[in-house]
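Worksheet for the structure shown next.
In the numbering used here, the protein residues as written are 272 to 1021.
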């Protein structure tokens, strides 16, 4: 009801403004009308007395002329009159004629009309104010033949005009007030009647009656809301937050313990042969792996990925299988091998020179080559076949990860029409205008629509996909349900913001923040009051590493008290150096760091510590726990888990996160210091604010962010997707799709 009252109040204000505007217009219009009326009256008064004026217009008969002027002044609205000679001296005037209206004043006014010949119909006029009120002054020439004898000046009382204007305004205000009250009353009555009807209809439905058609969308939303509430209640009854065990229970309850197959380009563990001949296990620098590996530990299943390590082949069986993690062996990895030509065209070419810059607003031109597309399509088909070989039923659950496999869902669907395929993109999805650049846009969209559910980090990326399908494909868009229907198959489009495991296992095995800080400060040769900043990224142009280092330079320029005390450590894992743009970025970042160090360095002090190497998670978390500030400066990012990793690492609730507003994480970690990474002054000011932030404020901010990540962790992310998949499977079974086959399904569930 408060909205109704607000609407009625706004309506009253609007009508009041209209009444005021109307009164102003009416007053101005009335004033113009009365001015014309007084001009006409002046002309008629002088014209009526013309003969008497002519016979008395001599100095000897000034007394008689005064009597004529007095006769003219008997008009109830003419206050006084004067007769003036052509030399602008008064000839006669009525008693009490105002002194300030001299013959000279009126004569000068008539001279302004001399651009055209004066006649006895000419009038000069003006308005003025006397102590008793407003007056109107007019001067009319008097002619004998063609000779002008002089002119007559008349003073008109305008007090009646003000009285009439105020009476008109009062009338308008009363009229509009009545209209406003009537309109507000009608609005309130209409809303109350509508509410009463809605309530009666809803009560009738609750008592068992059939719902009216207009209630169907509301009731559907209510059912979904109630179902989500019941699920949340179930979580509370089972012990609260999402955990690996909770995820296992969800899989068993909703999906009957079915095996989950993940398809991703990146494998969770890479086997590399060292120069000494020994084989080491490497954790890739990938947000995708960071998020998905804990899910696979909880759910078991198979992870299908590209085997790119130098010792990958010799550590698997003949079919490319390997149980991981080492020593725990809770799930299976299936490695797929690619030739150098396939890897160059599929991965470096179409995926990372084409799709990656297409999807990121980071000022790199996408490159599309026909041979790269052919390799991309062929490799997607090969991986889809590998997925189909790993399933143990004809209606499996498959999680297809990221832009490397945009067309794989269609190939899986062709082989397994009853599969539940969840595709998730870890990067942004571009708007339809930008996506239209790609020559194979239709093929990509049709491949993605082989999925049962397509997930993104944010709703805006979901909207971009829907708009792209609407623009480029023949499909039906259900915007109410965020679904796309093509060839009788329904694909749901959903936002699933990704997160981390909680608690992060690397934190438990890390030294204390105090120990981490002491060791890192010693390595950097920092004084006792030294300050540490950290950035963790692959060397990619979307991460804003150059802008980050420039912000540090601006900090030291603008705040010289931090020179010699502050060191920014950039952990930069080399990435995709086969591509020229990445090699140029490597060289540019190295040169920039060297220039800043030369500018501010002194003795052993260097403000930038650029560590260009792959760092295992324990090393990364050591720097997180040592840092006073972590700066995430992505120019465009889907989520960016580095921000969440820093928050998770700080169980001491110290340190400050400076976060780019162009990350998906910025929509969740709202207690971070938000910056535009392109604005170096803003970014450097945020770094300065972070470095001098009081401990209590640091604690408040980190505590809020840690509570959010603990609640919305990666198990919840996976659980939501799997529960949505289970709900979809139940609906499909009811419509006969899973029992009757995908191709024969007449429609799709709503």
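Note that the Cβ used here is the ideal one computed from N, Cα and C, for glycine as well.
Which of helix, strand or coil DSSP assigns to residue 732: helix
My assumption, with CB atoms under 8 Å, is that residue 903 sits in contact with residue 931. Please give the rounded CB distance. 6 Å
Could you check the C-alpha separation between residue 934 and residue 814 for me, to the nearest Å? 10 Å
Given a cut-off of 8 Å, decide if residue 658 and residue 669 are closer than it, judged by their beta-carbon atoms. yes
CB of residue 328 within 8 Å of CB of residue 404, strictly: no
Do you know how far the Cα of residue 929 is from the Cα of residue 974? 15 Å
Look at the Cβ atom of residue 624, then the Cβ atom of residue 638, and state whether they are nearer than 8 Å. yes
Which residue marks the beginning of the alpha helix (DSSP H) containing residue 860, and which one marks its end? 851-871
Is residue 839 buried or exposed, if buried means 16 or more other CB atoms sit within 10 Å of its CB? buried
Locate the beta strand (DSSP E) running through residue 399, then write down its first and last residues. 395-401
To the nearest angstrom, how far is the alpha carbon of residue 897 from that of residue 923? 11 Å
Helix, strand or coil at residue 644 according to DSSP, with G and I counted as helix: helix
Is it the case that the CB of residue 741 approaches a heavy atom of the ligand FMN more closely than 7 Å? Because no ligand of any kind appears in the structure shown, any question about the ligand FMN cannot be addressed here.
What whole-angstrom Cβ distance do residue 1022 and residue 986 have, given they're in contact under 8 Å? Outside the displayed range of the chain (272 to 1021) lies residue 1022, so it cannot be described from this structure.
Could you check what DSSP says for residue 885 in three-state terms: helix, strand or coil? coil
Reduced DSSP secondary structure (H/G/I, E/B, other) of residue 976: helix
What are the boundary residues of the beta strand (DSSP E) that residue 876 is part of? Unbroken run through residue 876: none, as it is neither H nor E.
What residues match up with residue 1087 in a beta bridge as DSSP calls it? The chain is shown only over 272 to 1021; residue 1087 falls outside these bounds and no answer can be derived.
According to the neighbour-count rule (16 or more other Cβ atoms, all chains shown, within 10 Å of its Cβ), is residue 449 buried or exposed? exposed
Compute the Euclidean distance between the alpha carbons of residue 749 and residue 553, then round it to the nearest angstrom. 44 Å
Determine the direct distance from the alpha carbon of residue 702 to that of residue 755, and round the result to whole angstroms. 17 Å
May I have the straight-line CA-CA distance separating residue 438 from residue 470, to the nearest angstrom? 48 Å
Give the secondary structure of residue 632 by DSSP, where H, G and I count as helix, E and B as strand, and everything else as coil. coil
Segments assigned alpha helix (DSSP H), at least 4 residues, entirely inside the stretch 884-924: 888-897 and 912-920
Where are the alpha helix (DSSP H) runs, 4 residues long or more, that stay fully inside the stretch 700-775, in chain order? 703-706, 712-719 and 730-743
For the alpha helix (DSSP H) that residue 789 lies in, which residues bound it at each end? 784-794
Distance, Cα to Cα, residue 665 vs residue 763? 21 Å
Nearest neighbour of residue 966, chosen from 900, 846 and 1005 [CA to CA]: 900
Closest by CA to residue 360, which one among 367, 348 and 376? 376
Within 8 Å, strictly: CB atoms of residue 531 and residue 575: no
Closest to residue 310 by C-alpha separation, out of 396, 324 and 968, would be which residue? 396
Compute the distance between the beta-carbons of residue 633 and residue 906, then report whether it is under 8 Å. yes
With respect to the alpha helix (DSSP H) encompassing residue 954, which residues constitute its N-terminal and C-terminal limits? 951-962
Going by beta-carbon coordinates alone, are residue 587 and residue 550 separated by less than 8 Å? no
Given 8 Å, three or more beta-carbon pairs between the stretch 772-780 and the stretch 720-738: no
With DSSP run on the structure shown, which of helix, strand or coil describes residue 1026? Here the chain comprises residues numbered 272 to 1021, so residue 1026 is not present and cannot be evaluated.
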